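Written out below as structure tokens is the structure these notes cover.
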Amino acid sequence: MADTTKAQPVSSAALRRQMLAEFWFYFSENRGAVIGLFVFIALVIVAVFAPFIAPHSPFEQYRDAVLVPPVWVEKGNASYLLGTDAVGRDILSRLIYGAQYSLFIGLFVTTLSLTGGILVGLIAGYYRGWVDTVIMRLMDIILAFPSLLLALVLVAILGPSLTNGMIAIALTLQPHFVRLTRAAVMAEKTRDYVTAARISGAGPFRLMFRTILPNCTAPLIVQATLSFSNAILDAAALGFLGMGAQPPAPEWGTMLAEAREFILRAWWVVTFPGLAILITVLAINLMGDGLRDALDPKMKRS
Amino acid sequence: MFGFLLRRLAVLIPTFIGVSIIAFAFIRLLPGDPVALLSGERVMSPERHAQISAQLGLDRPMVIQYLDYLGGVLQGNFGSSIVSKTPILKQFMALFPATVELSFCAILIAIAIGIPAGVIAAIKRGSAIDQSMMGIALVGYSMPIFWWGLLLIILFSGILQWTPVSGRISLMYFFKPVTGFMLIDSLLSGQKGAFASAVSHLILPSIVLATIPLAVIARQTRSAMLEVLSEDYIRTARAKGLSPFRVVSLHALRNAMIPVITTIGLQIGVMLAGAILTETIFSWPGIGKWMVDSVFRRDYPVIQGGLLLIAGIIMVVNLIVDVLYGLINPRIRH
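Protein sequence lines, in the order shown, are assigned to chains A and B. Position 172, counted from 1, in the first sequence is what UniProt numbering calls 172; the numbers after and before it change by one each time, with no gaps. Position 76, counted from 1, in the second sequence is what UniProt numbering calls 76; the numbers after and before it change by one each time, with no gaps.
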């Protein structure tokens with residue numbers, strides 16, 4: 001029998017490892033992104049192990065230690081490193097438990113808007129025609145409202161709570177995923193590999209989810225990171241306006257709302273919760289910039 | 001160009017109808033009796049209920065009610081507030097100049113700092129200046145502005161005592177609004193110190209509201225400049241021996257501005273969302289605070305009307321930006 005050159009099968013595990021290595025190469029070139037990633041990992045650890053890390057309960061009110069300043073300020077107390085709030089709760093412990101809220105909000109809202117957006121976007125981009133027109137007009141309508149205003153009004157309808165706030169925010173973030181998915185699907189749909197898959201008998205579901213979707217992931221991942229930080233910011237803003245998580249929940253925005261009346265007397269009750277929000281959002285945005293550079297050379301900014 | 005405008009309008013009209021349906025449906029989605037919600041009366045006899053229902057037209061079919069509402073809206077009748085009983089459009093017109101004044105100053109700050117910062121960062125690409133500017137821009141972009149406002153109040157109003165904490169002008173001054181813009185009205189009043197007072201009230205809220213647009217504009221300007229600076233015609237201009245200043249300001253900046261103008265237009269929506277928080281923190285009597293107060297007072301007709309008015313304004317502004325964009329960049333008209 002004649003020697004035939006055997007096609008070298010590329011193991012998918014090796015391929016995946018190579019892709020991951022390549023991704024890490026580009027991602028790690030961006031110093032800010034790596035710092036963001038480490039801060040984010042630290043936040044996840046703090047949130048998961050909050051009960052072991054926090055020195056006090058986030059709800060325990062130490063009535064003899066009301067508005068104690070941070071430890072490095074005169075009259076500070078080493079037991080309350082970042083001071084206490086107006087009813088004597090330890091601010092550091094509340095911030096640590098607050099990380100659970102923020103990360104959960106980001107995860108929940110992003111998952112909800114991402115899955116919803118992908119589903120609707122795939123349908124719009126795949127079927128086109130009147131389905132597409134109706135969906136895209138609906139998305140235009142949602143985008144015509146400022147997101148925070150729409151979320152605020154939705155919460156006013158549904159009733160102020162963290163769950164309703166998260167659903168409202170997810171709804172306002174979803175159109176971005178729909179638009180991205182639809183655009184990517186339309187670009188991919190006419191490519192040869194899709195035609196090949198269709199001719200070999202793949203049904204619409206297989207075509208949408210197995211053939212086309214995996215090739216549209218890069219912009220979606222970048223948008224998901226942006227949504228994660230937006231969700232945290234908007235949820236904190238709703239909490240601040242009294243329409244998100246309700247007291248005594250140690251959610252950072254809600255903590256700020258409770259601290260507002262003390263701003264000129266006790267700077268620490270205002271400063272630290274906001275700083276926590278800023279650091280979290282900044283870390284995620286830094287990661288987002290790095291992801292964008294690593295995943296999509298076309299979108300590279302510099 | 002005319003066809004382009006028509007196409008944009010063709011998209012705008014169904015969107016506006018959709019927005020009005022959402023604003024209309026809103027009160028029907030609320031738990032509870034719409035008659036009680038719209039009249040603001042909690043306990044009423046069945047006769048009174050039927051009377052108000054007929055008075056408000058709530059006993060008619062839903063489609064008729066919607067068309068009636070839409071007809072009213074198109075004639076400028078948005079209904080009346082439950083709490084103050086005044087027409088919604090009148091309230092809106094009284095408060096809107098305050099928001100416009102604040103947003104205008106904010107966008108001015110954002111453009112005046114954001115564009116030069118982006119240009120400098122692009123020219124000095126990779127340098128310490130570039131990195132620190134873009135670092136600051138990312139911090140600004142990530143800023144919870146409600147907290148940023150509180151920090152500025154602590155520093156400038158609390159510790160330094162330079163600026164007042166809230167409002168549009170000191171209570172010492174009183175004059176009839178002419179234009180609704182405090183900066184202009186205070187000058188027209190001729191009262192000594194009134195203008196300075198108006199400026200000192202405006203400065204902190206403007207900075208807070210400018211923060212996110214400033215960061216976005218700086219980042220966008222930098223990336224647009226970087227793209228343009230690598231083009232062939234820039235190299236030609238340099239090779240001709242033009243001064244670097246001329247190359248940047250005359251050749252590069254002009255083309256880099258095209259995407260930046262779109263970005264600035266898109267910031268209007270961001271501003272109106274930011275105004276909700278900024279006006280609440282600084283007790284600025286504009287439409288953002290009006291909406292938040294109405295949500296708390298459960299003044300549903302106001303929420304409904306405000307939602308529609310704000311969305312309408314954003315849609316019109318976006319249309320204007322689109323048309324301007326078409327004017328400066330003929331390529332996208334088709």
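The beta-carbon is built from N, C-alpha and C at its ideal position, and this holds for glycine as well. This structure is a prediction, so every number in the text was calculated from the model and none was measured.
- For residue 113 of chain A, not one C-beta of chain B is nearer than 8 Å to its own C-beta.
- About 5 Å separates the beta carbons of residue 302 of chain B and residue 81 of chain B, which is inside the 8 Å limit, making them a contact pair.
- Using a Cβ distance threshold of 8 Å, residue 216 of chain A and residue 188 of chain A count as a contacting pair.
- Residue 46 of chain B carries a helical assignment under DSSP once its states are collapsed to helix, strand and coil.
- In this structure, residue 151 of chain A lies near residue 234 of chain A, with their beta-carbon atoms less than 8 Å apart.
- Annotation for residue 191 of chain B: 173 place their beta carbon closer than 6 Å to its own, counting only its chain and skipping 5 residues before and after.
- In this structure residue 294 of chain A is in contact with residue 23 of chain A, their Cβ atoms being roughly 5 Å apart against a cut-off of 8 Å.
- Within chain A, no residue has its CB atom less than 8 Å from the CB of residue 73 of chain B, the nearest being about 15 Å off.
- At least one C-beta of chain B is nearer than 8 Å to the C-beta of residue 141 of chain A.
- Only residues of its own chain outside the window of five on either side were considered, and among them 67 have a CB closer than 8 Å to the CB of residue 265 of chain A, listed in chain order.
- In this structure residue 193 of chain A is exposed. Its beta-carbon is surrounded by fewer than 16 other beta-carbon atoms within 10 angstroms.
- The beta carbon of residue 137 of chain A sits closer than 8 Å to some beta carbon of chain B.
- Its Cα nearest to that of residue 21 of chain B, the residue B/64 stands out among B/114, B/295, B/64.
- Our two residues, residue 95 of chain A and residue 274 of chain A, have alpha carbons roughly 10 Å apart in a direct line.
- Look at residue 77 of chain B here: in three-state DSSP terms it is coil, with no helix or strand label.
- Within chain B, the residues whose beta carbon sits less than 8 Å from that of residue 260 of chain A are 150, listed in sequence order.
- The beta carbons of residue 138 of chain B and residue 285 of chain A sit about 6 Å from each other, so the pair counts as a contact at 8 Å.
- Within the DSSP secondary-structure output, residue 87 of chain B pairs in a beta bridge with B/80.
- At a beta-carbon threshold of 8 Å, the residues of chain B lying near residue 229 of chain A are 142, ordered along the chain.
- Annotation: residue 130 of chain A has no Cβ neighbours in chain B at a cutoff of 7 Å; minimum Cβ distance is about 13 Å.
- Annotation for residue 197 of chain A: the continuous alpha helix (DSSP H) segment containing it runs 192 to 199.
- Sequence-distant partners of residue 110 of chain B (beyond 5 residues in either direction) whose C-beta falls short of 6 Å from its own C-beta, in its chain, are 210, 213, 214, 217.
- Using beta-carbon distances, residue 244 of chain A does not count as an interface residue toward chain B, since no partner is under 8 Å.
- Counting every other CB atom within 10 Å of its CB across the protein chains shown gives residue 93 of chain B a total below 16, marking it as exposed.
- Listed along chain A, no residue sits closer than 8 Å to residue 43 of chain B by beta-carbon distance, the nearest being about 22 Å off.
- Rounded to whole angstroms, the Cβ separation of residue 239 of chain A and residue 231 of chain A is 12 Å, and the two are not in contact under 8 Å.
- The C-alpha of residue 140 of chain B is placed about 18 Å away from the C-alpha of residue 260 of chain B.
- Excluding residues up to 5 positions away in sequence, 261, 265 lie with their Cβ nearer than 8 Å to the Cβ of residue 324 of chain B in the same chain.
- For residue 30 of chain A, DSSP records no beta bridge to any residue.
- Counting along the chain, residue 163 of chain A sits inside the alpha helix (DSSP H) bounded by residues 162 to 189.
- Taken through DSSP and simplified to helix, strand or coil, residue 90 of chain A comes out as strand.
- Linking residue 232 of chain B to residue 249 of chain B through their CA atoms gives a straight-line distance of about 16 Å.
- Within the DSSP bridge table, the entry for residue 84 of chain A names A/90 as partners.
- Note that the C-beta distance between residue 71 of chain A and residue 65 of chain A is not below 8 Å.
- With respect to the 8 Å criterion, residue 15 of chain B and residue 140 of chain A are classified as neighbours on the basis of their beta carbons.
- Taking a contact as a CB-CB distance under 8 Å, the pair residue 166 of chain B and residue 197 of chain B does not count as one, their CB atoms being some 13 Å apart.
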